[in-house]
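Undergrad: The structure follows.
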Amino acid sequence: MQRRFDERRHLQESGINPYPCSFEVTGHSRQIIEHFKEDAEEKVSVAGRIMAIRRMGKASFFHIQDSDGRMQIYLKKDEVGDDAYATFKLLDIGDIVGVNGYTFRTRTGEISVHAESFELLCKSLRPIPVAKEKEVEGEKVVFDAFADRELRYRQRYVDLIVNPEVRNTFIKRSAIVSHIRSFFTSQGWLEVETPILQPIYGGAAARPFTTHHNALDMQLYLRIANELYLKRLIVGGFDGVFEFAKDFRNEGIDRFHNPEFTQVELYVAYKDYDWMMRLVEELFQQTAIAVNGTAMTTFLGHEISLEAPFRRLTIADSIREYTGAEIEGKTETELRNLAKDLGLELDPKIGSGKIIDEIFGEFVEPKLIQPTFITDYPTEMSPLAKPHRSKPGLVERFELIAGGKEICNSFSELNDPVIQRQRLEEQASLRQRGDDEAMVVDEDFLRALEYGMPPTAGLGIGIDRLVMLITGEESIRDVIFFPHLKPE
RNA sequence: GAAUGCGUAGCUCAGCUGGUUAGAGCAUCUGCCUUUUAAGCAGAGGGUCGCAGGUUCGAAUCCUGCCGCAUUCACCA
23 MQRRFDERRH LQESGINPYP CSFEVTGHSR QIIEHFKEDA EEKVSVAGRI MAIRRMGKAS
83 FFHIQDSDGR MQIYLKKDEV GDDAYATFKL LDIGDIVGVN GYTFRTRTGE ISVHAESFEL
143 LCKSLRPIPV AKEKEVEGEK VVFDAFADRE LRYRQRYVDL IVNPEVRNTF IKRSAIVSHI
203 RSFFTSQGWL EVETPILQPI YGGAAARPFT THHNALDMQL YLRIANELYL KRLIVGGFDG
263 VFEFAKDFRN EGIDRFHNPE FTQVELYVAY KDYDWMMRLV EELFQQTAIA VNGTAMTTFL
323 GHEISLEAPF RRLTIADSIR EYTGAEIEGK TETELRNLAK DLGLELDPKI GSGKIIDEIF
383 GEFVEPKLIQ PTFITDYPTE MSPLAKPHRS KPGLVERFEL IAGGKEICNS FSELNDPVIQ
443 RQRLEEQASL RQRGDDEAMV VDEDFLRALE YGMPPTAGLG IGIDRLVMLI TGEESIRDVI
503 FFPHLKPE
C-alpha cells in the first residue's frame, strides 16, 4: 500500500491528476462485444477498473471491468507515445481508467479495444484480491477466489468487484423487486410509505427495537410490520395499497433471519384470501420467469417448480398427511397429549393454536419443498384475520411454504371492529402473562376500523426469502448487501 | 443464549505427534519481452501464525480465557 501512496504522489508530481472529474463513456463491454463487426472497426471510449495486466515490454494487454462485464484493451508504446506508456507502467490492478480506441479482434480471437489514448480516472490505494480465471473444456475455472465469508460481508464492495456471481444475485434481487412493483402498479394499486418509527408496534408477533425521541421525550419502536397502517389507508378509501418495507425484529440471527429485512405488504379491497392465492401463484410464476427465464429453481439441493397452480392444503390436512394425527375437533388437552405422543416437549402455558403451530413447524413445514399453500389456521394464532366463512374456530388465512420455509402470509382481513377489539384484548392479557411477543392494543387502529373497512385481502411477502428461493442462495446474508455483523 | 468447527503474507492455502531463520501459488517490486489471456523467463521484498495468558529449555503447533466468522439448536419471517 505504501508503494501505491508513493505512486499517487509521483503521478501528481508529473502533472497527472489521479482523481479527475469525469470521462465521456460511449460504450460498455457487453454491448461492444455484441455489436462487434469483423471488418468495421468502431471508435469507442470505455471506462472501468483494471482487473488484469499482461505487460510485454513495449506493448501490453489488460482487462477492465465495467458495469456489465470485462473488456480487453491492447496498448502499444508506438501508438500512445513514450510518456503515456511510462504512465501506464505506473498503473496497478484495481485502478480505474478510461480508454479511447477502436474495436478489433486479437490473434487468439478475443474482441478487444485497441487503445489510442487512455486516462487514469482513479488511483486505487488498496490491492484488490484478484482471482484468476482459466477456461478448461469450456468451463470457467476460478483460482483462489476471494471467499472468506466474513471479509466478503464486511467489505461487500470488494466482494462485488471480484465475484461476478455476487453482483448477479443482487441484479436479480433488483429485478424481482421491480417486477413485483410493476405487477402491482399495473393493477392500479398505490405504492405508499408509512411510518418506520411507531409509537405502538403491531401487525406481527415479534420483539421490537426501541428508540427514543428526544424532543417529545417518548419511546418509539422500529416497526415489526406495517400492516396496521396500510389497513388505515384502505379505511381511507384506497382500493389497493402496497409498500416495500424494511421491518425490524429484535430476534436471533441465522441464515434465514436478519434483524432488518424486507417485506412487501399488499392490501386490496373487496377481495379475499382465495383471490390472493391466485394472485400469488401468478406473481411468483411470472417473477421467476422474468428473472431466470424459467419457473424452475434449485434451492437447498431441491428442484423447485414455481409453476402455477400451487398445491393447497389445510393445516389440519397437512398434519394428517405428514404425521397421521387428527387435530380437528380436539380439545386443548387432547392436542397436548397428541403432541406428546409425537415426541414434542411443549411449554405447558401455550394454548391449542400454538400447539398446532408447533406440530406443524416440527413435522410438516420442513417437508414442504414444492410451493404449498397452507390454509385455515386456528383463530388463536391469527388475531388480525377474519373468521372462516364456514369453519368455526378457524380463520381465512394462508401461508405459502416453499423449500421448507415460509415465504408469504395472507388473510382475509378482520374488519369487524368489535371482534378485533376482543382479539387484541386477548393478546394484551397474554402479554400480561408474560408473552412478550403478544400484540398491543392499538386504539387508533380500532377507531379506524370502527369507521368501517371494506372486505379486504392482505398479503406479506418476505422479499429476502423470495430472492433466496429464486436465486438459489442459501443464506440471507447472500441476498442482503450489508448483512448485520458484529463490529470489527 | 448453547454446542461444534474455523482464524497462518493483500488473496487462496500448506505446516499443527512442540525443535534452526514459518512455506507455496497468485498479487507486489526489479530486469527481459510489440497479439497476450491463470502470458512467459530470471531475481527480490513481504508475516507480532486473531488477541491475552499459561505449560515448556523451546509454542503457529499443547492448555485456559477472550474476540470474530460459519454451521446446527432455541426464538422468529
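If you count the first sequence from 1, you need to add 22 to reach the numbering used here. Beta carbons are placed, not taken as given, at the ideal position from N, Cα and C, and that holds for glycine. None of the values given here were measured: they were computed from a predicted structure.
1) By how many angstroms is the C-alpha of Val290 removed from the C-alpha of Ile256?
2) Compare the C-alpha of Val66 against each of Ile75, Val135, Val184, Gln308 and name the closest.
3) Return the CA-CA distance between Ile86 and Phe306, expressed in angstroms with no decimal places.
4) Using a Cβ distance threshold of 8 Å, determine whether the stretch 459 to 469 contacts the stretch 482 to 491, with at least three qualifying pairs required.
5) Please go through the same chain and pick out, in chain order, the residues whose beta-carbon is closer than 7 Å to the beta-carbon of Val188, but skip the five residues on each side of it.
6) Find out if the Cβ-Cβ distance for the pair Lys145, Arg25 is shorter than 8 Å.
7) Using C-beta distances below 7 Å, list every residue in its chain close to Tyr292, excluding the 5 sequence neighbours before and after it, in chain order.
8) For the beta strand (DSSP E) containing Leu481, name the first residue and the last one.
9) Mapping DSSP to helix, strand and coil, what is Arg30?
10) Under 8 Å by Cβ, that's how I've got Phe521 and Phe332 pegged, so tell me the actual separation to the nearest angstrom.
11) Which word fits Pro400, buried or exposed, when buried means at least 16 other C-beta atoms lie within 10 angstroms of its C-beta?
12) For the putative contact between Ile74 and Phe84, defined by C-beta atoms under 8 Å, what is the C-beta separation to the nearest angstrom?
13) If I measure Cβ to Cβ from Glu406 and keep anything under 6 Å in the same chain, skipping five residues before and after, which residues do I get?
14) For Asp500, name the three-state secondary structure that DSSP assigns.
15) Enumerate in chain order the residues of its own chain whose CB-to-CB distance from Glu138 is below 6 Å, with the five nearest sequence positions on each side excluded.
16) Rounded to whole angstroms, what is the Cα-Cα separation between Leu452 and Ala347?
17) Where are the alpha helix (DSSP H) runs, 4 residues long or more, that stay fully inside the stretch 39 to 81, in chain order?
18) Put Tyr124 into one of helix, strand or coil per three-state DSSP.
19) Output the distance between the C-alpha atoms of Ala330 and Ala237, rounded to the nearest integer angstrom.
20) Quick one, are the C-beta atoms of Leu143 and Ile118 less than 8 Å apart?
21) Report buried or exposed for Val489, applying the criterion of at least 16 other Cβ atoms within 10 angstroms of its Cβ.
22) According to DSSP, simplified to helix, strand and coil, what is Gln209?
23) Where does Thr397 land, buried or exposed, given buried means 16+ other C-beta within 10 angstroms?
24) Could you tell me if the beta carbon of Arg333 falls within a distance shorter than 7 Å of some heavy atom in the ligand MN?
25) Using only alpha-carbon positions, find the residue among Pro149, Arg71, Ala62 that is nearest to His50.
26) If we require 4 or more residues per run, which alpha helix (DSSP H) segments fall completely within the stretch 337 to 383?
27) Whose CA, out of Thr319, Ile337, Leu422, lies closest to the CA of Leu301?
28) Between the C-alpha atoms of Phe126 and Ile133, what's the straight-line distance to the nearest angstrom?
29) What would DSSP say about Gln24, mapped onto helix, strand or coil?
30) Quick one, which of Leu33, Asp369, Tyr295 has its alpha-carbon nearest Ile381's?
31) Go ahead and label Pro42 buried or exposed: buried means 16 or more other beta carbons lie within 10 angstroms of its beta carbon, across all protein chains shown.
32) I think Lys389 touches Gly426, with their Cβ atoms under 8 Å apart; what is that distance to the nearest whole Å?
33) So, are the CB atoms of Leu97 and Phe140 less than 8 Å apart?
34) Do Leu328 and Phe206 have their CB atoms nearer than 8 Å?
35) Identify, in the order they occur along the chain, each residue of the same chain with its Cβ nearer than 8 Å to the Cβ of Asp458, setting aside the five sequence neighbours on each side.
36) Considering only C-alpha positions, which residue in the set Lys376, Gly258, Ile275 is nearest to Tyr473?
TA: Walking through what the data contain:
1) When only Cα atoms are considered, Ile256 and Val290 end up about 8 Å apart.
2) Nearest of Ile75, Val135, Val184, Gln308 to Val66, Cα basis: Val135.
3) Their Cα atoms are separated by approximately 37 Å.
4) Verdict: no, contact absent.
5) The beta carbon of Val188 sits closer than 7 Å to the beta carbons of Asp181, Leu182 from its chain, once the five residues preceding and following it are set aside; these are given in chain order.
6) A distance of 8 Å or more separates the beta carbons of Lys145 and Arg25.
7) Its chain contains Pro476, Pro477 as the residues whose beta carbon lies nearer than 7 Å to that of Tyr292, once the 5 sequence neighbours on both sides are disregarded; these appear in chain order.
8) Note, Leu481: beta strand (DSSP E), 478 to 484.
9) The answer is helix: DSSP assigns Arg30 an H, G or I state.
10) The structure shown does not extend to residue 521, since the chain is modelled only from 23 to 510, so the question has no answer here.
11) That one is buried.
12) Contrary to the premise, residue 74 reads as Ala rather than Ile in this sequence. Confirmed, about 6 Å.
13) What sits at residue 406 in the sequence shown is Leu, not Glu. Leu436.
14) Three-state DSSP puts Asp500 in a helix.
15) Sequence-distant Cβ neighbours of Glu138 in its own chain, meaning closer than 6 Å and more than five residues away, are Asn122, Gly123.
16) Their backbone Cα atoms lie some 28 Å apart in a straight line.
17) Taking only runs of at least 4 residues, the alpha helix (DSSP H) segments lying wholly in the stretch 39 to 81 are 51 to 57.
18) Note: Tyr124 maps to strand in three-state DSSP.
19) Going from the Cα of Ala330 to the Cα of Ala237 covers about 52 Å.
20) Against a cut-off of 8 Å, the Cβ pair of Ile118 and Leu143 comes out as a contact.
21) Val489 should be labelled buried.
22) It is coil, neither helix nor strand.
23) That one is buried.
24) Looking at this structure, you won't find the ligand MN or any other ligand, since it has none at all.
25) Relative to His50, the option among Pro149, Arg71, Ala62 whose CA is nearest is Arg71.
26) Unbroken alpha helix (DSSP H) stretches of 4 residues or longer found wholly inside the stretch 337 to 383: 337 to 345, 354 to 363, 374 to 381, given in chain order.
27) Answer by Cα proximity: Leu422.
28) Approximately 6 Å, taken between the alpha carbons.
29) In the structure shown, Gln24 falls within a helical segment according to DSSP collapsed to helix, strand and coil.
30) Looking from the CA of Ile381, the closest CA among Leu33, Asp369, Tyr295 belongs to Asp369.
31) The residue is exposed, with fewer than 16 neighbouring Cβ atoms inside 10 Å.
32) 7 Å between Cβ atoms; contact.
33) The answer is yes: Cβ separation under 8 Å.
34) Going by beta carbons, Leu328 and Phe206 fall outside the 8 Å limit.
35) Around Asp458: Arg229.
36) With respect to the C-alpha of Tyr473, the residue from Lys376, Gly258, Ile275 having the closest C-alpha is Gly258.
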